[in-house]
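Residue numbers (my numbering): 158 to 473.
Comments concern the structure below.
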Ligand SMILES: [Fe+2]
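Quick look at the structure:
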């Protein structure tokens with residue numbers, strides 16, 4: 158047991174004396190007030206803004222070597238938390254720059270695809286991403302514990318006609334389901350689905366609701382990857398309802414009403430919230446030219462930590 162004597166020293170603050178070891182400590186009142194105020198500055202308190210296919214306000218930021226410690230980076234991160242993604246232009250395409258970029262915000266989250274991965278068509282692919290086929294909207298690595306939070310995708314070259322990037326706001330879709338299909342929302346947010354990745358060296362597996370809610374029953378994240386999920390074991394009528402709900406979810410995710418599409422050019426770096434957005438691409442013809450993207454993941458503690466630091470630094 159630790160015995161302490163706390164004295165209020167008005168107007169300066171608090172004086173604390175620890176009987177156990179005879180040490181004392183004083184805290185200024187303004188520091189206490191600042192600490193309480195800072196609770197309201199947490200990045201998770203940034204309100205999400207829902208968007209659909211009519212979204213035209215894609216936020217683009219120009220890269221420079223000083224950006225990581227600048228007010229622009231603060232604005233970029235706030236925008237990222239609002240919309241779930243941002244695009245940086247003119248990011249150097251020199252060798253594996255994406256790793257330097259990621260580690261300048263936080264730390265790279267390594268996965269079974271390595272510290273980073275190259276997205277271009279290759280023989281005997283272990284993932285559809287490594288083909289030139291279209292990719293329907295999905296979230297990445299739903300079989301990981303924990304799922305990587307943020308995906309960075311850096312376009313090195315894109316000389317083909319197709320291969321456009323697509324994004325869907327999973328938050329908007331799940332809110333639509335909550336408002337219009339209550340039965341579907343309930344089952345999608347309560348039944349856990351198994352996701353599994355298998356190749357020659359590893360089997361990765363995790364289970365989650367397709368729409369995950371937090372303790373206050375508000376949106377937490379989505380997971381969706383129809384090539385990697387398994388049927389939940391449910392009684393027949395509940396299973397029927399689940400599949401009708403999953404079908405509606407898939408219909409909305411794939412609907413042109415919710416999807417935006419754009420072409421990444423050399424030097425563009427797309428930063429996506431993998432807990433909120435679904436991403437995909439249109440097909441392309443690999444014989445037309447090179448399409449080469451590099452990707453990696455970072456976690457929210459990186460971006461949140463950076464955001465708090467920049468708020469403190471610029472007194473925002
Ligand atoms: Fe992906």
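Think of the CB as a built atom: it goes at the ideal place given N, C-alpha and C, for glycine as much as any other residue.
These numbers were taken from a predicted model, which means no experiment stands behind them.
Item	Value
Report buried or exposed for residue 339, applying the criterion of at least 16 other Cβ atoms within 10 angstroms of its Cβ.	exposed
Taking 7 Å as the limit between beta carbons, can you name the residues of its chain near residue 243, skipping five residues before and five after?	216, 218, 233, 236, 237, 428
Report the residue from 185, 411, 333 whose alpha carbon sits nearest the alpha carbon of residue 438.	411
Could you tell me the distance, in whole angstroms, from the CA atom of residue 295 to the CA atom of residue 465?	30 Å
Thinking C-alpha only, which one of 273, 392, 444, 258 is nearest residue 226?	258
Measuring alpha carbon to alpha carbon, tell me which residue in 269, 240, 275 is nearest residue 253.	275
Thinking C-alpha only, which one of 442, 390, 368 is nearest residue 403?	368
Look up residue 232 in the DSSP assignment and say whether it is helix, strand or coil.	helix
By Cβ distance below 8 Å, which residues in the same chain neighbour residue 445 in space, the five residues on each side in sequence not counted?	316, 317, 318
Say whether the region 408-423 touches the region 320-330, bearing in mind that this needs 3 or more beta-carbon pairs closer than 8 Å, one atom from each stretch.	yes
Would you grab the beta carbon distance between residue 300 and residue 361 for me? Rounded to a whole angstrom, and I think it's under 8 Å.	5 Å
Buried or exposed: which applies to residue 266, given that a residue is buried once 16 or more other Cβ atoms fall within 10 Å of its Cβ?	buried
Exposed or buried, what is residue 349 when buried is set at 16 or more other beta-carbons lying within 10 Å of its beta-carbon?	exposed
Along the chain, where does the alpha helix (DSSP H) containing residue 410 start, and where does it finish?	393-410
How close, in whole Å, do the beta carbons of residue 450 and residue 311 come, if the pair is a contact with beta carbons under 8 Å?	6 Å
My understanding is that residue 455 touches residue 255, with C-beta atoms under 8 Å, so please give their C-beta distance in whole angstroms.	Contact doesn't hold; Cβ gap of about 10 Å is too wide.
Using three-state DSSP, classify residue 261 as helix, strand or coil.	helix
By a C-beta neighbour count over all protein chains shown, 10 Å radius and 16 as the cutoff for buried, is residue 459 buried or exposed?	buried
DSSP on residue 338, reduced to helix/strand/coil?	coil
Looking at residue 311 and ligand 3, is the gap between the Cβ and the nearest heavy atom below 7 Å?	Summarising the ligand content, the structure contains ligand 1 and does not contain ligand 3.
Compare the beta carbon distance of residue 405 and residue 334 with 8 Å and say whether it is the shorter of the two.	yes
Quick check: the Cα distance between residue 205 and residue 179, rounded to an integer number of angstroms?	49 Å
Under 7 Å: does the beta carbon of residue 291 sit that close to some heavy atom of ligand 1?	no
Could you give the DSSP three-state label for residue 459: helix, strand or coil?	helix
Please go through the same chain and pick out, in chain order, the residues whose beta-carbon is closer than 8 Å to the beta-carbon of residue 189, but skip the five residues on each side of it.	170, 171
Return yes when the C-beta of residue 356 is under 7 Å from any heavy atom of ligand 1, and no when it is not.	no
What residues does ligand 1 have around it, judged by CB closer than 6 Å to any heavy atom, in chain order?	286, 295, 297, 436
Short of 6 Å in beta carbon distance, which residues of its chain neighbour residue 420, apart from the five on each side in sequence? Order them along the chain.	321
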